[in-house]
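Going by the numbering used here, the first residue of the sequence shown is number -16, and it counts up by one from there.
Glycine included, C-beta positions come from ideal geometry on N, C-alpha and C.
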Amino acid sequence: MNKESIVRFIKQCQRVLRVSKKPDRTEYVNVAKITGLGIILIGVIGFVISIIAQLLGLGKV
């Protein structure tokens, strides 16, 4: 790494920090709900696949 690339990286970080903001309560709650729904959906899909595999005899006994 040379000095120019380090300076460019620091400038990019500063630009991102200037643009970013702390989410308000409603935005945070919405993101938390969507994330929770995604986790639940992935769990349900995994559970269904596990049940199907057991019914077909592909899973361990």
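Does DSSP put residue i in a helix, a strand or coil?
{"i": "glycine 19", "result": "helix"}
{"i": "leucine 38", "result": "helix"}
{"i": "serine 53", "result": "Lying outside -16 to 44, the shown extent of the chain, residue 53 is not represented and no answer is given."}
{"i": "serine 3", "result": "coil"}
{"i": "asparagine -15", "result": "coil"}
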